[in-house]
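So the sequence shown is numbered by UniProt numbering: it starts at 1 and just counts up by one. We put the beta carbon where it would ideally sit given N, CA and C, even for glycine. Below you'll find the structure, written out as C-alpha cells, and then a few comments.
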Amino acid sequence: MSADVPSVSALPASVPPSSSAPVPAGALCVDLGPETALAASLFDRLRAGSRGEQGVTRASYGQGEQMAHDLMRALGRDLALEERIDAAGNLYLTLPGTDRALPAIMTGSHLDSVPDGGNYDGAAGVVAGMAMLARWRRAGRQPRRDITVMGVRAEELSWFPAPYIGSRAAWGLLEAEALDQCVRPDTGRTLAEHMAEAGFEPDRIRRGEPQLRAADIACFLELHIEQGPILVQEALPVGVVTGIRGNLRYKHCRVMGVYGHAGAEPRRSRRDAVLATAEFLNRLEALWIAYEEQGLDLVCTIGQCYTDSKVHTMTKIPGETRFTMDIRSQDNDLLLRIDHELRALAGEIGGRRNVTIDLGGYTNAKPGPIAPALRDRLARLADRHGIAHKQMASGAGHDSAVFGVNGVPTAMIFVRNEHGSHNPHEAMEMEDFALGLKLLVAAVEDIDADS
Numbered sequence: 001m002s003a004d005v006p007s008v009s010a011l012p013a014s015v016p017p018s019s020s021a022p023v024p025a026g027a028l029c030v031d032l033g034p035e036t037a038l039a040a041s042l043f044d045r046l047r048a049g050s051r052g053e054q055g056v057t058r059a060s061y062g063q064g065e066q067m068a069h070d071l072m073r074a075l076g077r078d079l080a081l082e083e084r085i086d087a088a089g090n091l092y093l094t095l096p097g098t099d100r101a102l103p104a105i106m107t108g109s110h111l112d113s114v115p116d117g118g119n120y121d122g123a124a125g126v127v128a129g130m131a132m133l134a135r136w137r138r139a140g141r142q143p144r145r146d147i148t149v150m151g152v153r154a155e156e157l158s159w160f161p162a163p164y165i166g167s168r169a170a171w172g173l174l175e176a177e178a179l180d181q182c183v184r185p186d187t188g189r190t191l192a193e194h195m196a197e198a199g200f201e202p203d204r205i206r207r208g209e210p211q212l213r214a215a216d217i218a219c220f221l222e223l224h225i226e227q228g229p230i231l232v233q234e235a236l237p238v239g240v241v242t243g244i245r246g247n248l249r250y251k252h253c254r255v256m257g258v259y260g261h262a263g264a265e266p267r268r269s270r271r272d273a274v275l276a277t278a279e280f281l282n283r284l285e286a287l288w289i290a291y292e293e294q295g296l297d298l299v300c301t302i303g304q305c306y307t308d309s310k311v312h313t314m315t316k317i318p319g320e321t322r323f324t325m326d327i328r329s330q331d332n333d334l335l336l337r338i339d340h341e342l343r344a345l346a347g348e349i350g351g352r353r354n355v356t357i358d359l360g361g362y363t364n365a366k367p368g369p370i371a372p373a374l375r376d377r378l379a380r381l382a383d384r385h386g387i388a389h390k391q392m393a394s395g396a397g398h399d400s401a402v403f404g405v406n407g408v409p410t411a412m413i414f415v416r417n418e419h420g421s422h423n424p425h426e427a428m429e430m431e432d433f434a435l436g437l438k439l440l441v442a443a444v445e446d447i448d449a450d451s
C-alpha cells in the first residue's frame with residue numbers, strides 16, 4: 001500500500017475546530033456549512049488528482065484510486081480516526097464510540113471510477129461519510145457506538161471483469177479464480193498481481209478469509225448520486241432507495257438462420273436472422289410494457305446487437321445475429337418468470353420463421369435488499385427536516401447490496417445528478433449534496449441514539 005499519504009497541510013481545507021459547547025442531541029444536522037465546504041474542497045482535490053483525457057479516471061488498484069484512498073486517510077488522521085486497511089485494500093476510518101461492544105454504524109462507497117468518468121460516482125458516498133464524521137468532531141460529541149466510513153476498492157467492472165471486487169472480498173466471497181483470471185486491460189496484469197503490487201494480501205482473499213462480520217455491524221448506509229434522470233425530471237434533490245435491482249444478464253444470445261441472395265430469395269422461404277431478432281426484441285419490449293402497466297418494476301436493455309462483420313454485406317440475407325440482454329427488477333421471481341417467457345417466445349418465433357433463437361445461459365445477480373425499517377426511518381427524517389425526496393428503486397448495482405445479502409440492514413440515499421453517470425458530464429450540485437449529507441448525518445445520529 002502507498003506510504004505517501006498527504007500531510008494535513010496538503011488537504012484542500014482544514015477541519016473546523018471543536019465547538020466550545022457540545023451540540024445537543026438531534027441537532028448535528030442543523031449546521032453543516034463547514035462540512036459542506038470541506039466536501040466541496042475534497043471533490044476538487046479528487047478531480048485534480050485523477051483527470052483523464054475528458055473526465056476523471058481512477059483505475060481500480062491504480063494510481064487514481066490510491067490517490068483517493070490516501071486523501072481520505074490524511075483527513076482521517078486530521079480527525080484522529082482509527083484506521084484499518086484489510087487484505088483487499090479496503091479502507092476503514094472509525095470514530096470510536098463510548099461502548100465499543102455495540103455493533104458499528106457503517107457508511108461509505110467506492111473510490112474508483114470508470115475510464116473518463118465523472119467525479120461523483122462512488123466518491124460522493126465516501127466524502128459524505130467523512131464530512132459526517134467531521135461534524136461529530138466539530139460538535140465535541142462522541143457517539144455511543146463506533147461509526148466507520150469505508151472506502152471500497154474496485155467496484156467498477158471497467159477494470160476487472162468481476163463485480164463488487166472490494167466489497168465481496170471483504171465478506172470472503174470473491175471467487176479465488178477471479179484473482180488470477182481477471183486481467184486489467186490497460187496493464188495486462190491480473191487482479192492478484194495488482195493487489196500484491198499495492199501491498200495487499202491476495203492469498204488471504206484467495207482463502208476466502210472474511211474481513212467483516214455481520215454481527216459487528218448495526219447497519220450500512222450508502223449515499224450515492226442517482227445515475228439516471230428521475231430526480232432531475234421530478235425536480236427533487238434527494239431519493240430514498242426502496243430496493244437495488246437485481247439482474248439477469250444474457251451475454252451470448254444468438255439467432256441462426258441461413259444466408260441468401262438479397263434479390264433472388266422470396267420472402268416466404270427466407271430464414272432471415274435479423275428480422276427474427278427484430279421481432280424477438282419488439283416482443284420483449286411489449287412484454288416490458290405489459291409488466292409496467294401492471295405496476296411491476298422492470299427495465300430491459302439490449303446493449304449489443306450485431307451481424308458478423310466478416311461476412312455481412314448489403315446484398316446478403318443475414319444468416320446470423322448475436323445480441324446481449326440485461327434485464328433488471330427488484331423482484332427476482334419476476335426475473336425468473338421473464339426468463340421462462342422469453343425462452344417460450346424464442347421457440348415460437350424461431351419455429352415460425354424457421355430459425356434457431358438460442359438465448360444461452362444467464363447470470364443472476366439477486367436484488368439487493370433494503371431494510372424496510374431503515375428506509376422508513378430515512379423517509380421520516382427527510383420529512384422532519386424538510387428535505388424534499390422521492391422513494392425510488394436503484395437501477396444500478398451498489399456495494400451496499402453486498403452488505404444486504406450478507407445480513408446487514410442496509411439503506412441508500414440518492415442525490416440528484418444531471419447528465420447521467422459513467423461519463424465526464426456528471427453534474428451534482430453541492431446544494432443537493434448538502435441535503436443528502438444532512439439526511440445522512442440525521443440518520444446516523446438517530447440510529448446511534450437507539451437503545
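Closest by C-alpha distance to Y250, when choosing among L435, A262, T301: Your numbering for residue 250 matches position 250 in the sequence shown. Selected option, being the one with the closest Cα: T301.
Cα-Cα separation, Q63 to R204: Your numbering for residue 63 matches position 63 in the sequence shown. Your numbering for residue 204 matches position 204 in the sequence shown. If I take the Cα positions, the gap works out to 23 angstroms.
Those runs of the alpha helix (DSSP H) which lie wholly inside the segment 87–167 and span at least 4 residues: 123–139
Inter-residue spacing [alpha-carbon to alpha-carbon] between A427 and S113: The sequence position of residue 427 within the sequence shown is 427, counting from 1. The sequence position of residue 113 within the sequence shown is 113, counting from 1. Approximately 15 angstroms, taken between the alpha carbons.
Check whether R73 and E82 have beta carbons under 8 angstroms apart: Counting from one through the sequence shown, the residue named residue 73 turns up at place 73. Counting from one through the sequence shown, the residue named residue 82 turns up at place 82. The answer is no: Cβ separation not under 8 angstroms.
Complete beta strand (DSSP E) runs within the segment 214–270 (minimum length 3 residues, chain order): 217–225, 238–244, 246–256
CA-to-CA distance, S329 to E177, given in whole angstroms: What you label residue 177 is simply residue 177 of the sequence shown in a count that begins at 1. What you label residue 329 is simply residue 329 of the sequence shown in a count that begins at 1. Approximately 29 angstroms, taken between the alpha carbons.
Cβ contact check for the segment 148–166 and the segment 32–43: 3 or more pairs under 8 angstroms: no
Anticipated Cβ contact below 8 angstroms, I357 with V240, distance rounded: On the sequence shown, position 357 is the one that residue 357 refers to. On the sequence shown, position 240 is the one that residue 240 refers to. Rounded, the Cβ-Cβ distance is 40 angstroms, inconsistent with contact.
Bounding residues of the beta strand (DSSP E) (the contiguous stretch that carries K365): Counting from one through the sequence shown, the residue named residue 365 turns up at place 365. Position check: residue 365 holds Ala in this sequence, whereas Lys was assumed. Under the DSSP assignment, A365 falls in the beta strand (DSSP E) whose first and last residues are 363–365.
Classification of L435 by the beta-carbon crowding that lies within 10 angstroms, buried from 16 upward: Locating residue 435 in the sequence shown gives position 435, counting from the first residue. With at least 16 other beta carbons inside 10 angstroms of its own, L435 counts as buried.
Counterpart residues of H389 in DSSP-defined beta bridges: Locating residue 389 in the sequence shown gives position 389, where the first residue counts as 1. Its beta-bridge partners are V238.
Cα-Cα separation, A3 to L38: By one-based count along the sequence shown, residue 3 stands at place 3. By one-based count along the sequence shown, residue 38 stands at place 38. Reliability of the predicted coordinates at A3 is poor, the pLDDT of 41 falling under 50, and the value obtained from them is presented with this limitation in mind. Roughly 24 angstroms between the two C-alpha positions.
Per-residue burial, S9 [other beta carbons within 10 Å of its own, 16 or more giving buried]: Locating residue 9 in the sequence shown gives position 9, where the first residue counts as 1. Residue placement at S9 is flagged as unreliable, the pLDDT there being 44, under the threshold of 50; a coordinate-derived value is accordingly withheld.
Alpha carbon of P6 to alpha carbon of D70, nearest angstrom: Along the sequence shown, read from residue 1 onward, the residue named residue 6 stands at position 6. Along the sequence shown, read from residue 1 onward, the residue named residue 70 stands at position 70. For P6, the predicted model reports a pLDDT of 44, less than 50, meaning its position is unreliable; a value from the coordinates is still stated below. For P6 and D70, the distance between alpha carbons rounds to 7 angstroms.
Range of the contiguous alpha helix (DSSP H) that encloses E177: Here residue 177 is taken as the residue at index 177 of the sequence shown, counted from 1. Unbroken alpha helix (DSSP H) run through E177: 176–181.
CB-CB length for G243 against I317, believed under 8 angstroms: As a working mapping, residue 243 is identified with position 243 in the sequence shown. As a working mapping, residue 317 is identified with position 317 in the sequence shown. About 44 angstroms; that fails the 8 angstroms criterion.
Own chain, CB closer than 7 angstroms to L381, minus 5 neighbours either side, in chain order: Start at 1 with the first residue of the sequence shown, and residue 381 comes out as number 381. If we look at L381 and ignore the five residues flanking it on each side, its Cβ neighbours are L439, A442, A443, D446.
Where the alpha helix (DSSP H) containing R328 begins and where it ends: One-based indexing of the sequence shown puts residue 328 at position 328. No alpha helix (DSSP H) holds R328; the beta strand (DSSP E) holding it covers 320–329.
Selection from M106, G395, A27, H425 that minimises the alpha carbon distance to R216: Within the sequence shown, residue 216 is the residue found at index 216, counting from 1. Per the sequence shown, the amino acid found at residue 216 is Asp instead of Arg. The shortest C-alpha separation from D216 is found at M106.
T363 classed as buried or exposed, judged by whether at least 16 other C-beta atoms fall within 10 angstroms: As a position in the sequence shown, residue 363 is number 363, starting the count at 1. With fewer than 16 other Cβ atoms within 10 Å, it is exposed.
R353 vs R271 beta-carbon contact at 8 angstroms: Residue mapping note: residue 353 aligns to position 353 of the sequence shown, counting from 1. Residue mapping note: residue 271 aligns to position 271 of the sequence shown, counting from 1. Contact flag set, yes.
Beta carbon proximity, A371 to chain D, threshold 8 angstroms: Of the protein chains in the structure, only one exists, and it is not chain D.
Chain-order list of residues whose beta-carbon lies under 7 angstroms from that of V126 (same chain, five-residue window excluded): Within the sequence shown, numbered from 1, the residue matching residue 126 stands at position 126. For V126, where only same-chain residues beyond five positions count, the Cβ hits under 7 angstroms are M72, G108, S109, L111, V149, G151.
Counterpart residues of A427 in DSSP-defined beta bridges: As a working mapping, residue 427 is identified with position 427 in the sequence shown. E418, per the DSSP bridge assignment.
One or two residues paired with T57 in a DSSP bridge: On the sequence shown, residue 57 is found 57 positions in, with the first residue counted as 1. BP columns for T57 are empty, so no partner.
Where the beta strand (DSSP E) through T356 begins and ends: For the purposes of this step, residue 356 is taken as the residue at position 356 of the sequence shown. Run containing T356: 356–358, per the beta strand (DSSP E) assignment.
Run of the alpha helix (DSSP H) containing T313, from where it starts to where it stops: By one-based count along the sequence shown, residue 313 stands at place 313. It is not in any alpha helix (DSSP H) - T313 carries neither H nor E in the DSSP assignment.
Three-way DSSP call (helix, strand, coil) for E341 in this model: Along the sequence shown, read from residue 1 onward, the residue named residue 341 stands at position 341. Of the three classes helix, strand and coil, the one that applies to E341 here is helix, per DSSP.
Inter-residue spacing [alpha-carbon to alpha-carbon] between R100 and D146: In the sequence shown, the residue the question calls residue 100 occupies position 100. In the sequence shown, the residue the question calls residue 146 occupies position 146. Between R100 and D146, the C-alpha separation is close to 6 angstroms.
Alpha carbon of L296 to alpha carbon of N247, nearest angstrom: Mapped onto the sequence shown, residue 296 falls at position 296. Mapped onto the sequence shown, residue 247 falls at position 247. Computed Cα separation, rounded: 15 angstroms.
Residues bridged to S394 (per DSSP): As a working note, residue 394 is residue 394 in the sequence shown. Note: S394 sits in a beta bridge opposite I244.
Limits of the beta strand (DSSP E) - the one that V30 falls within: The count along the sequence shown starts at 1 and reaches residue 30 at position 30. Where V30 is concerned, there is no enclosing beta strand (DSSP E), given that its DSSP letter is neither H nor E.
Rounded Cβ spacing between C29 and H389 (contact assumed at less than 8 angstroms): Translated into the one-based positions of the sequence shown, residue 29 becomes position 29. Translated into the one-based positions of the sequence shown, residue 389 becomes position 389. Rounded, the Cβ-Cβ distance is 14 angstroms, inconsistent with contact.
Nonlocal neighbours in the same chain, by C-beta distance under 7 angstroms from G407, ignoring five residues either side: Locating residue 407 in the sequence shown gives position 407, counting from the first residue. Same-chain partners within the cutoff: A214.
Chain-order list of residues whose beta-carbon lies under 7 angstroms from that of L378 (same chain, five-residue window excluded): Locating residue 378 in the sequence shown gives position 378, where the first residue counts as 1. Excluding positions up to five away in sequence, the list reads V240, A411, I413, L439, A443.
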